[in-house]
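Enquirer: As they're listed, the protein sequences go chains A and B. Read in order, the letters of the first sequence correspond to residues 530 to 1023 in my numbering. Read in order, the letters of the second sequence correspond to residues 199 to 304 in my numbering. C-beta atoms are modelled at their ideal positions from N, C-alpha and C, and glycine is treated no differently. What follows is a single structure, and I will ask about it in a moment.
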Amino acid sequence: MIEFLIETTRIHAPLAILAALLIGAAALVCVADRFLAWLLAMAAAASGCVIALDVVWRLSIGHRVRLAQLDLALGIDGVGGFAAALVALALFCVLIAAAPNRRLRDNQTESARVEPLALGLILLIAAGWITALFASDLTMMFLGAQTGWIASVGLAAVSGRRDRAALSAALRMLLFGGLASCLFLLGAGFVGFGAGSIQFSEIASAPGFASDKAASIGLGLILLALAAMAGAPPLHAWLGPLHGRAGGLASLAIGVLGVLGAVGCLARAVASIVLVADVAQGMSVGLVLLGVLGVVAGSLQAIGATNLRRLIAYAGAAQIGCILIALGLGTPATIASALVQMTALAASLLALFAGASALPASAPLPSLDGLARRAPLISLAMTLGALNLIGAPLTLGFLGRFRLVQAGVGGGWWWTAGAVIIASLAAVFYAGRLIERLYFRRAQISAERVGLGAQAALAPSLVLAMALIMWGVTPQILLSAVDAVALILPGDVR
Amino acid sequence: MALDHAALILQSAAAFILFALGAIALMTAGSVGKRMMGLATLSLAALYALAALGAPQSLLIAAAFAGLCQIVLGIGLMVRIKEDYGSAEARDLDDGDRESERTDQT
Chain A
530 MIEFLIETTR IHAPLAILAA LLIGAAALVC VADRFLAWLL AMAAAASGCV IALDVVWRLS
590 IGHRVRLAQL DLALGIDGVG GFAAALVALA LFCVLIAAAP NRRLRDNQTE SARVEPLALG
650 LILLIAAGWI TALFASDLTM MFLGAQTGWI ASVGLAAVSG RRDRAALSAA LRMLLFGGLA
710 SCLFLLGAGF VGFGAGSIQF SEIASAPGFA SDKAASIGLG LILLALAAMA GAPPLHAWLG
770 PLHGRAGGLA SLAIGVLGVL GAVGCLARAV ASIVLVADVA QGMSVGLVLL GVLGVVAGSL
830 QAIGATNLRR LIAYAGAAQI GCILIALGLG TPATIASALV QMTALAASLL ALFAGASALP
890 ASAPLPSLDG LARRAPLISL AMTLGALNLI GAPLTLGFLG RFRLVQAGVG GGWWWTAGAV
950 IIASLAAVFY AGRLIERLYF RRAQISAERV GLGAQAALAP SLVLAMALIM WGVTPQILLS
1010 AVDAVALILP GDVR
Chain B
199 MALDHAALIL QSAAAFILFA LGAIALMTAG SVGKRMMGLA TLSLAALYAL AALGAPQSLL
259 IAAAFAGLCQ IVLGIGLMVR IKEDYGSAEA RDLDDGDRES ERTDQT
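Take a look at the structure:
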């Protein structure tokens, strides 16, 4: 009986993950008790996480993965499956950090408790982006991305409670997302016109796709839209206001899940279309230029940031630039390095945003002074997150950048080393400033004591994030997994 | 054949003009309501372009549904913003946010 259930779940893996998350989100609407709501959300997230990790594990060891042939436009490929597992794991960590006995400070004057609605929206964000990552055609990817984005806007709007600026940030996010969604739709239309199909497995193999101008323009528009949703500079006007004013939980959930989902979709589009169809050089050059611009702009903004969460958001944007460079180089080795960088980015953002969520939304950087004495675990997690951003040796961040440089130099692109060095040097400046404030300064302004409850509730998430970062010490499993999944295309799993 | 090609070009041009108008309104309009109108125009332009390019019905329906959800959510946000800020002008929102940030910093 158990084996039958396991086998059925495995052949319906994408549907099972989505069902767990969507049913969990729907059930939360009916639940009034916060602790019960949190338990339901955790159960849904845990189920989705286990199924997703099982899929990736089987893909990476070369186990035969069978999929039920349902007419649902859902399928599994290597990059999408890996990114979906990452989103599911991040969701689990985010929900651990949202434990209901924790007094989250969503504004400066009053504590706010986690609402079941907020938990439901978080599940919906993850469900939306996982749908996009498992989509077998552009329509489903669009629907999934829009579900994730609109749920993010809703979460940003409800998270602020008494802070009206959260509404303004949510509106800005909605308008920006609307523009991005229209670009995506135009792109999908052009791709369908040029390739004759919007199925991922058929686009790349369409005759004349690589030389068709309409298809190339369409693909470019889709990548641009996804980059905007990921918060890649210079298309990230919504990022600063969101993280500066929204509540701690919203900042954590959108900053981790939303970014991972959008970057995963980008990686998927590149791996399954650009790489296979050997699309015009202009596409790769465009991605790489966007990546370099992202590294420079994100780093400069992070250096100039005076608000902690904005600093983290812009630092993440700079890391996304490195991922775009890896995707733009367009070889299986660079795609694999992009996946390693995505894992490192997820761990960093989780550690940093989770730590920052213990402080008020508008916390200026001086509020970090001497935090190591008041909250040692939070400080340690934020320090490791910062070191990961710098790419310090023995961290996953170092591994991702090393693989990018290795693949880039191996392909004759020597300048990739320069781009990575710039990103790392800038990160030393802004992340080093963070670490210096945590450990080497005394509290200058009257700082709120971070409650024991808050620290205890954050502890599991922070420990998981730290473990992910330190995976850079023995990365063999991760490296073999990304090398294996980078070669599995849409349509290979049936 | 030539007529079809000409019709496609005309339709694409019309969609492009609508798209440009919607984008300009969305980014530069003075009030939240006008920005929402810009968003609605953008969505219509995308739908029109999809129809002109012969996109599958599923994509058209998905686009219409997403556009509707965005408009509905936007209207809800607009009402809440009007209640909290007392105004739906973009300049008043920016001034209010700057004031809040200044108060928080002190």
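With a threshold of 8 angstroms, are at least 3 pairs of Cβ atoms found where one atom belongs to the stretch 876-895 of chain A and the other to the stretch 939-949 of chain A?
Expert: Result no; under three Cβ-Cβ pairs closer than 8 angstroms.
Enquirer: At a Cβ threshold of 8 angstroms, is A:VAL934 touching chain D?
Expert: Chain labels in this structure do not include chain D; the protein chains are A and B.
Enquirer: Between the Cα of B:ALA261 and the Cα atoms of A:LEU712, A:LEU620 and A:GLY609, which residue gives the shortest distance?
Expert: It is A:LEU712 whose Cα lies nearest to the Cα of B:ALA261.
Enquirer: On the three-state DSSP scale, how would you describe A:LEU557?
Expert: In the structure shown, A:LEU557 sits in a helix (DSSP, three-state: H, G or I).
Enquirer: Cα-Cα, which of B:MET234, B:ALA238 and B:GLY228 is closest to B:GLU287?
Expert: Measuring from the Cα of B:GLU287, the nearest candidate turns out to be B:GLY228.
Enquirer: For chain B, check one thing: does any of its Cβ atoms lie closer than 8 angstroms to the Cβ of A:GLY718?
Expert: At least one chain B Cβ lies under 8 angstroms of A:GLY718.
Enquirer: In the DSSP output, what is A:ASN836 paired with across the bridge?
Expert: Looking at the DSSP assignment, A:ASN836 forms a beta bridge with A:PRO893.
Enquirer: Compute the beta-carbon to beta-carbon distance between A:LEU653 and A:ALA545, rounded to the nearest angstrom, for a pair I have assumed lies under 8 angstroms.
Expert: Between A:ALA545 and A:LEU653 the Cβ distance is about 17 angstroms, and since that is not below 8 angstroms, they are no contact.
Enquirer: Does the CB of B:TYR246 have a neighbour CB from chain A at under 8 angstroms?
Expert: Not an interface residue.
Enquirer: Pair every Cβ in the stretch 738-753 of chain A with every Cβ in the stretch 692-699 of chain A, then say whether three or more of these pairs are closer than 8 angstroms.
Expert: Result no; under three Cβ-Cβ pairs closer than 8 angstroms.
Enquirer: Quick check on this structure: which residue in A:LEU1016, A:ARG971, A:PRO922 and A:ALA542 has the alpha carbon closest to the alpha carbon of A:VAL1002?
Expert: Minimum Cα distance to A:VAL1002 is reached at A:PRO922.
Enquirer: Does any residue of chain B have a CB that is nearer than 8 angstroms to the CB of A:ALA549?
Expert: By this cut-off, A:ALA549 is not an interface position.
Enquirer: Hey, is B:LEU219's beta-carbon within less than 8 angstroms of any beta-carbon in chain A?
Expert: Chain A, which has no Cβ nearer than 8 angstroms to the Cβ of B:LEU219, makes this no.
Enquirer: By DSSP, does A:ASP666 sit in helix, in strand, or in coil?
Expert: In the structure shown, A:ASP666 sits in a strand (DSSP, three-state: E or B).
Enquirer: Indicate whether at least one CB of chain A lies closer than 8 angstroms to the CB of B:THR289.
Expert: This sequence places Arg at residue 289 of chain B; Thr is not what is there. Cβ-Cβ to chain A under 8 angstroms: no for B:ARG289.
Enquirer: Are A:LEU853 and A:GLY811 touching if we call contact CB-CB under 8 angstroms?
Expert: Their beta carbons are not under 8 angstroms apart, which means A:LEU853 does not touch A:GLY811 by this criterion.
Enquirer: Using a beta-carbon distance below 8 angstroms, is A:LEU708 in contact with chain B?
Expert: So, interface residue.
Enquirer: Please classify A:LEU822: does DSSP put it in a helix, a strand, or coil?
Expert: Correct three-state label for A:LEU822: helix.
Enquirer: Is A:LEU624 near the ligand GTP - that is, is its Cβ less than 7 angstroms away from at least one heavy atom of it?
Expert: Looking at this structure, you won't find the ligand GTP or any other ligand, since it has none at all.
Enquirer: Is A:ALA573 near A:LEU550, with beta carbons less than 8 angstroms apart?
Expert: A contact, by the Cβ cut-off of 8 angstroms.
Enquirer: In chain order, what residues of the same chain lie with their CB nearer than 7 angstroms to the CB of B:ARG290, ignoring the 5 residues before and after it?
Expert: According to the sequence as given, residue 290 of chain B is Asp; it is not Arg. TYR283.
Enquirer: In chain A, which residues lie with their C-beta within 7 angstroms of the C-beta of B:SER256?
Expert: Chain A residues near B:SER256: THR668.
Enquirer: Could you run through the stretch 268-287 of chain B and flag, in chain order, every residue whose CB is less than 7 angstroms away from some CB of chain A?
Expert: Result list: GLN268, LEU271, GLY272, LEU275, ARG278, ILE279, ASP282 and TYR283.
Enquirer: Let's see if you can read the secondary structure: which residues bound the alpha helix (DSSP H) around B:ASP282?
Expert: That run of the alpha helix (DSSP H) goes 255-283.
Enquirer: Assuming A:LEU667 contacts A:ALA612 under a Cβ cut-off of 8 angstroms, what Cβ separation, rounded to an integer in Å, is found between them?
Expert: Rounded, the Cβ-Cβ distance is 17 angstroms, inconsistent with contact.
Enquirer: Does the stretch 610-625 of chain A come close enough to the stretch 580-594 of chain A to have 3 or more Cβ pairs within less than 8 angstroms?
Expert: Touching, yes.
Enquirer: Determine, using beta carbons only, whether A:PHE722 comes closer than 8 angstroms to chain B.
Expert: Yes, contact with chain B.
Enquirer: Determine, using beta carbons only, whether B:SER241 comes closer than 8 angstroms to chain A.
Expert: It does; some Cβ of chain A falls within 8 angstroms.
Enquirer: Got a sec: which bits of the stretch 222-237 of chain B sit with their beta carbon under 9 angstroms from any beta carbon on chain A, in order along the chain?
Expert: Answer set for the stretch 222-237 of chain B: LEU224, MET225, VAL230, ARG233, MET234, GLY236 and LEU237.
Enquirer: Closest to A:ALA831 by CA distance: which of A:ALA915, A:ALA791 and A:GLY749 is it?
Expert: Answer by Cα proximity: A:ALA915.
Enquirer: Quick one: which residues of the stretch 691-703 of chain A get their C-beta closer than 7 angstroms to a C-beta of chain B? List them in chain order.
Expert: The residues in question are ARG693, ALA694, LEU696, SER697, ALA699, LEU700 and LEU703.
Enquirer: Would B:ALA247 and A:LEU715 be called neighbours here (beta carbons separated by less than 8 angstroms)?
Expert: Contact: yes.
Enquirer: Does B:LEU251 have its Cβ less than 8 angstroms from a Cβ in chain A?
Expert: Yes, because at least one Cβ of chain A sits closer than 8 angstroms to the Cβ of B:LEU251.
Enquirer: Locate the alpha helix (DSSP H) running through A:GLU536, then write down its first and last residues.
Expert: First-last of the alpha helix (DSSP H) with A:GLU536: 531-540.
Enquirer: Would DSSP call A:LEU1016 helix, strand or coil?
Expert: A:LEU1016 falls in the coil class under three-state DSSP.
Enquirer: Assuming the contact rule is C-beta atoms closer than 8 angstroms, B:GLN268 and A:GLY707 should be a hit. Round their C-beta distance to whole Å, please.
Expert: Confirmed, Cβ separation roughly 5 angstroms.
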